[in-house]
Amino acid sequence: MSPTTDTAQGGHRLVIVESPAKAKTIKGYLGPGYVVEASVGHIRDLPNGAAEVPDKYTGEVRRLGVDVEHDFQPVYVVNSDKKSQVKKLKDLLADADELLLATDEDREGEAIAWHLQEVLKPKVPVRRMVFHEITKQAIQDAVRNPRELNKRLVDAQETRRILDRLYGYEVSPVLWKKVMPRLSAGRVQSVATRLVVERERERIAFRSASYWDLTGSFSTGRAGDATDPGTFSARLTSVDGRRVAQGRDFGPNGLLKEGVQVLHLDEANARALAAALADSSFSVRSVESKPYRRSPYAPFRTTTLQQEASRKLGMSASVTMSVAQKLYENGFITYMRTDSTTLSETAITAARAQVTQLYGGDYLPDKPRTYAGKVKNAQEAHEAIRPSGDRFRTPAETRLTGDQFKLYELIWMRTVASQMKDAVGQSVTVKVGGRASDGRDAEFSASGKIITFHGFMKAYVEGADDPNAELDDRERRLPQVAEGDALTADEITADGHSTKPPARYTEASLVKELEEREIGRPSTYATILGTILDRGYVFKKGTALVPSFLSFAVVGLLEKHFGRLVDYDFTARMEDDLDRIARGEAQSVPWLRRFYFGEESGDALGDAAAAGNGDGDHLGGLKELVTDLGAIDAREVSSFPVGDGIMLRVGRYGPYVERMTRDENGEEVSHRADVPDDLPPDELTVEHAQELLDKPSGDFELGADPETGRQIVAKDGRYGPYVTEVLPEGTPKTGKNAVKPRTASLFKSMSLDTVTLEDALRLMSLPRVVGTDPEGVEITAQNGRYGPYLKKGTDSRSLTSEDQLFTITLDEALAIYAQPKQRGRAAAKPPLKELGTDPVSEKPVVVKDGRFGPYVTDGETNATLRRDDDVETITPERGYELLAEKRAKGPAKKTAKKAAAKKAPAKKAPAKKAPAKKTAAAKKTAAKKTTTAKAAAKKTTTAKTAAAGKPASSAESAE
Numbered sequence: 001m002s003p004t005t006d007t008a009q010g011g012h013r014l015v016i017v018e019s020p021a022k023a024k025t026i027k028g029y030l031g032p033g034y035v036v037e038a039s040v041g042h043i044r045d046l047p048n049g050a051a052e053v054p055d056k057y058t059g060e061v062r063r064l065g066v067d068v069e070h071d072f073q074p075v076y077v078v079n080s081d082k083k084s085q086v087k088k089l090k091d092l093l094a095d096a097d098e099l100l101l102a103t104d105e106d107r108e109g110e111a112i113a114w115h116l117q118e119v120l121k122p123k124v125p126v127r128r129m130v131f132h133e134i135t136k137q138a139i140q141d142a143v144r145n146p147r148e149l150n151k152r153l154v155d156a157q158e159t160r161r162i163l164d165r166l167y168g169y170e171v172s173p174v175l176w177k178k179v180m181p182r183l184s185a186g187r188v189q190s191v192a193t194r195l196v197v198e199r200e201r202e203r204i205a206f207r208s209a210s211y212w213d214l215t216g217s218f219s220t221g222r223a224g225d226a227t228d229p230g231t232f233s234a235r236l237t238s239v240d241g242r243r244v245a246q247g248r249d250f251g252p253n254g255l256l257k258e259g260v261q262v263l264h265l266d267e268a269n270a271r272a273l274a275a276a277l278a279d280s281s282f283s284v285r286s287v288e289s290k291p292y293r294r295s296p297y298a299p300f301r302t303t304t305l306q307q308e309a310s311r312k313l314g315m316s317a318s319v320t321m322s323v324a325q326k327l328y329e330n331g332f333i334t335y336m337r338t339d340s341t342t343l344s345e346t347a348i349t350a351a352r353a354q355v356t357q358l359y360g361g362d363y364l365p366d367k368p369r370t371y372a373g374k375v376k377n378a379q380e381a382h383e384a385i386r387p388s389g390d391r392f393r394t395p396a397e398t399r400l401t402g403d404q405f406k407l408y409e410l411i412w413m414r415t416v417a418s419q420m421k422d423a424v425g426q427s428v429t430v431k432v433g434g435r436a437s438d439g440r441d442a443e444f445s446a447s448g449k450i451i452t453f454h455g456f457m458k459a460y461v462e463g464a465d466d467p468n469a470e471l472d473d474r475e476r477r478l479p480q481v482a483e484g485d486a487l488t489a490d491e492i493t494a495d496g497h498s499t500k501p502p503a504r505y506t507e508a509s510l511v512k513e514l515e516e517r518e519i520g521r522p523s524t525y526a527t528i529l530g531t532i533l534d535r536g537y538v539f540k541k542g543t544a545l546v547p548s549f550l551s552f553a554v555v556g557l558l559e560k561h562f563g564r565l566v567d568y569d570f571t572a573r574m575e576d577d578l579d580r581i582a583r584g585e586a587q588s589v590p591w592l593r594r595f596y597f598g599e600e601s602g603d604a605l606g607d608a609a610a611a612g613n614g615d616g617d618h619l620g621g622l623k624e625l626v627t628d629l630g631a632i633d634a635r636e637v638s639s640f641p642v643g644d645g646i647m648l649r650v651g652r653y654g655p656y657v658e659r660m661t662r663d664e665n666g667e668e669v670s671h672r673a674d675v676p677d678d679l680p681p682d683e684l685t686v687e688h689a690q691e692l693l694d695k696p697s698g699d700f701e702l703g704a705d706p707e708t709g710r711q712i713v714a715k716d717g718r719y720g721p722y723v724t725e726v727l728p729e730g731t732p733k734t735g736k737n738a739v740k741p742r743t744a745s746l747f748k749s750m751s752l753d754t755v756t757l758e759d760a761l762r763l764m765s766l767p768r769v770v771g772t773d774p775e776g777v778e779i780t781a782q783n784g785r786y787g788p789y790l791k792k793g794t795d796s797r798s799l800t801s802e803d804q805l806f807t808i809t810l811d812e813a814l815a816i817y818a819q820p821k822q823r824g825r826a827a828a829k830p831p832l833k834e835l836g837t838d839p840v841s842e843k844p845v846v847v848k849d850g851r852f853g854p855y856v857t858d859g860e861t862n863a864t865l866r867r868d869d870d871v872e873t874i875t876p877e878r879g880y881e882l883l884a885e886k887r888a889k890g891p892a893k894k895t896a897k898k899a900a901a902k903k904a905p906a907k908k909a910p911a912k913k914a915p916a917k918k919t920a921a922a923k924k925t926a927a928k929k930t931t932t933a934k935a936a937a938k939k940t941t942t943a944k945t946a947a948a949g950k951p952a953s954s955a956e957s958a959e
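Oh and the sequence shown: position 520 is 520 in the UniProt record's numbering, straight run, nothing missing.
Dropping the structure here:
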């Protein structure tokens, strides 16, 4: 019986999915008997700040959104931007005879379905509709075979969400107090940052070593061809039976590793040996041939797709997931958040049919290939990521374009290749020997590979993280030689090499590292990478992830005072514990209690739930760790020795270097210089730091103010050039008698090189009184954050140029105020740069200058350029990537306060009455109310401050 017929007999059903795009696709497969609507993601979550918490909650519950004293009960609130959608869903449900919750078949999807059921409170039957691909057959099968809600998966997701909230909301405020405001800590986020920082530490500690060897160009004396070359190159491997040192033999200190017995050739010895071998006779000493066999790669799962899209397509993890989401919602691929490498029988049949059709029966193995899962605690298995349907569309048949076409093609090729035969061939090693004129015996070695049957490589070859690595399908042909054959050395050259520091992580290699260490969930890696980039902990240099100096301070503090929270093994064990809870092998509340409050070590839950550093029987919990912060020296955790008495410090306004000296009176004097935000930490050497300190400060003495006698200087500040006055020595700078120097930013038309004393004095004279209006209200001309403007009471009007600040007359100002106030936006500025057409939205992308700096936009989505992006050099691909990352995050959430303000109806002012005299009792009551209100306001302000940095977002819980 078809879904439509079945529905017609029982009345219409309401189907709820997460996204409008998915709703549109599924609606087309179900017909008129169904109403398909989107929840647009989660409709309910933990409150995003104290302002969203219902008034009945107070204290810690209000701050955390979790009642830690009563079994860690979460406080769930309907997101302010989802209230209208919830109302719409309730209205649709009122007319429905059955509710089908069709959210994704994973922990997060199960949780969304549960929240929908809790909020909508349906009075009709509720069933869970699950599928792993959006095709007509899959959707109709899902309708015919619904199941019940899996509460175990819901509990597992809820435990993760609460854990991440406690971690973020308790640890992040420590970073605010001791490092910098608006930072965040997270269970996986902080560990990922630590990995990047540790790699940079290795690079800083690294000392390069040099070593030499020889390359010989040998000839067989025969004319070569494509299958049997007449010449080949070989590298020196040993001298007198002693192996020649290579890069792998050196440690990070630039010295040979202890216990390694090798011959370390320097330039002089290498050149002398090359000269001694110039006229020597050579022969083949051995030929070793082995069969070569390479099996296909497993079909994609989430992390391998992210890694390969990064290597082959240059896509970030977030862009990959955003594009894959669209392919899934539009029915092109199966669900893209999966740990599974399994293919269904339908998929195997489709892949094998396409192998035969496109490559011939010779490339099809006798039996279907199966792939065992290698991911520990793999999430509820869907299928591997593959083209959807029982017949795979070739990339050309999809009519996709841009990134969607590229990613689909990658998935299609990998899936088809996974059901093809092995690649086979021969690998050959040839060793060549000769004796030098000084009697030394030298042996050279060359390796080759011949692929006699390419098998799956006809369809697909995996990329490599190392750009210099040789890919699997690369052949190296050697001449057909036999032991004892004589060879001629056409040339022997001495080659110098230097060891290289360990490579920085890329997005692909960091994802691989996290997965190998079993840290976090693969479905969250894209969000984690986006978070550490957005927070300024990491920036990109090409494809490499470079830690900022800020991340050094954050990681240093966490390592020293919260060591177990960023310990790799501890974090992996936490993941195991959470999965045990998901399987029903452990209980959520006792585990959370131990993690948060700490318990005796005999607790049956295991070591991972205890977050303390203590020894003995008592293991302190998270709450204990964040209670006493007196031991944390804020200056110490943000200071790093560079060398030669120079310190790198991370201040509230960025990194700087400092050297302390003493003046002629023996007083310590600090010499400071800002460090560029985009300077990789391993490049801050003593020499570089000294250059920064020696660099002119950019201060220019312009002269003395004729009225005050104070010196006026021009400076280059972190937020641009400005002028200021130098206060006399001894002027109080703090306290109620403090005197602040007059300061003013330079106009855009001015520069430090040309600004004069007269310019400076005029700038510091602002704001300028233009005059008073007929009612006696003063009008002033001022320069503000968003440009020059006039101010009259609370009424401000923009000026068209900075010069008007000094030239505008009272009549001109009154004429401006006589015009109706412009409530709309100002005229749009012309774009700074055009980048091309976005492959996703298919709309033109431009770079514009906005209120908060340059940004890219396609007219629908805006994405601010990051600090390592430059308007002049930004590429179209980088612009598309920023837009895709912004789309992946979804629209910005409105605060509850803004939402309430927007919806609040206008109130009419009550008629004024003559004030009545207050009695003594009334005055006492009013005073008491005022005191209570102030206390409440203070409490609310504190709570808002705690929420300002948005620690522990749901990113790390998203599955």
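Note that the Cβ used here is the ideal one computed from N, Cα and C, for glycine as well.
> Is Phe72 helix, strand or coil by DSSP?
Replying inline: coil
>> Assuming Lys24 is part of the alpha helix (DSSP H), what are its boundary residues?
In response: Pro20 to Leu30
>> Judging by CA-CA distance, which residue of Asp567, Arg127 and Ile779 is the nearest neighbour of Asn145?
In response: Arg127
> Roughly how many angstroms separate the alpha carbons of Pro296 and Thr304, rounded to a whole number?
Replying inline: 14 Å
> Should Asn253 be labelled buried (16 or more other beta-carbon atoms within 10 Å of its own) or exposed?
Replying inline: exposed
> Under the three-state reduction of DSSP, which class applies to Asn145: helix, strand or coil?
Replying inline: coil
> What did DSSP end up calling Ala784 once you bin it into helix, strand or coil?
Replying inline: For the record, residue 784 in the displayed sequence is Gly; it is not Ala. DSSP places Gly784 in strand when its eight states are reduced to three.
> Do the segment 584–601 and the segment 159–169 meet, that is, are 3 or more Cβ pairs less than 8 Å apart?
Replying inline: yes
> Pairing CB atoms from the segment 503–516 with CB atoms from the segment 172–187, are three or more of them under 8 Å?
Replying inline: no
> In terms of residues, what are the limits of the alpha helix (DSSP H) holding Lys406?
Replying inline: Gly402 to Ala417
> What does DSSP give as the partner residues of Leu727 in its beta bridges?
Replying inline: In the DSSP output, where bridge partners are listed per residue, Leu727 has none listed.
>> Looking only at its chain, what residues have a beta carbon closer than 7 Å to the beta carbon of Phe597, apart from the 5 residues adjacent to it on each side?
In response: Gly621 and Lys623
> How long is the line joining the alpha carbons of Ala920 and Glu778, rounded to whole angstroms?
Replying inline: Since pLDDT at Ala920 reaches only 44, below the 50 mark, its modelled position is unreliable, and the value read off the structure follows with that caveat. If you take the alpha carbons of Ala920 and Glu778, they lie about 40 Å apart.
> Going straight from the alpha carbon of Pro774 to that of Pro854, what length do you get?
Replying inline: 42 Å
>> Can you list, in chain order, the residues of its chain with a C-beta nearer than 6 Å to that of Met321? Leave out the 5 residues immediately preceding and following it.
In response: Ala526
> What are the boundary residues of the alpha helix (DSSP H) that includes Ala815?
Replying inline: Leu810 to Ala818
>> Nearest by alpha-carbon distance to Glu691: which of Ala815, Asp682, Asp674 and Thr349 is it?
In response: Asp674
> If Thr452 and Ala384 are in contact, beta carbons under 8 Å, what's the gap, nearest whole angstrom?
Replying inline: Thr452 to Ala384, Cβ: 29 Å. No contact.
>> According to DSSP, is Arg797 part of a helix, a strand, or is it coil?
In response: strand
>> Suppose you measure from the CA of Gly493 to the CA of Ala274; what does that come to, to the nearest Å?
In response: For clarity, residue 493 is Thr in the given sequence; the question names Gly instead. In a straight line, the C-alpha of Thr493 is about 6 Å away from that of Ala274.
> For chain B, is any of its Cβ atoms less than 8 Å away from the one on Asp870?
Replying inline: No chain B is present in this structure, which holds just one protein chain.
>> Tell me which residues share the same chain as Gln73 and place their Cβ nearer than 8 Å to its Cβ, disregarding the 5 neighbours each side in the sequence.
In response: Val66 and Asp67
> Taking just the CA atoms, how far does Leu14 sit from His115?
Replying inline: 16 Å
>> Can you confirm whether the segment 232–244 touches the segment 210–221 when touching is taken to mean that 3 or more C-beta pairs between the two stretches lie within less than 8 Å?
In response: yes
> What does a CB cutoff of less than 6 Å around Tyr371 pick up in its chain, not counting 5 residues either side in sequence?
Replying inline: Ala298 and Thr341
> Roughly how far, in whole angstroms, is the beta-carbon of Thr531 from the beta-carbon of Gln189, given that I think they are within contact range, below 8 Å?
Replying inline: 5 Å
>> Under 8 Å: do the segment 268–287 and the segment 438–452 share three or more Cβ pairs, one atom per stretch?
In response: yes
> Okay, do the segment 356–363 and the segment 51–59 touch, 3+ Cβ pairs below 8 Å being the bar?
Replying inline: no
> In the DSSP assignment, what residue or residues form a beta bridge with Ser445?
Replying inline: Arg235 and Lys431
>> Can you find the residues in the same chain that come closer than 6 Å, C-beta to C-beta, to Ser344, ignoring five residues on each side of it along the sequence?
In response: Glu383
> Counting only runs that start and end within the segment 278–314, where is the beta strand (DSSP E) found for 3 or more residues in a row?
Replying inline: 282–294
>> Using C-beta distances below 6 Å, list every residue in its chain close to Arg311, excluding the 5 sequence neighbours before and after it, in chain order.
In response: Gly463 and Ala508
> With burial defined as no fewer than 16 other Cβ atoms inside 10 Å of the residue's Cβ, what is the status of Ala104: buried or exposed?
Replying inline: According to the sequence shown, residue 104 is Asp rather than Ala. By the 10 Å Cβ count, Asp104 comes out buried.
> How big is the Cα-Cα spacing for Arg564 and His688?
Replying inline: 35 Å
> Among Val260, Val739, Ala324 and Leu30, which has the Cα closest to the Cα of Lys136?
Replying inline: Leu30
> Which residues in the same chain as Leu64 place their Cβ atom closer than 6 Å to its Cβ, once the five residues preceding and following it in sequence are excluded?
Replying inline: Tyr169
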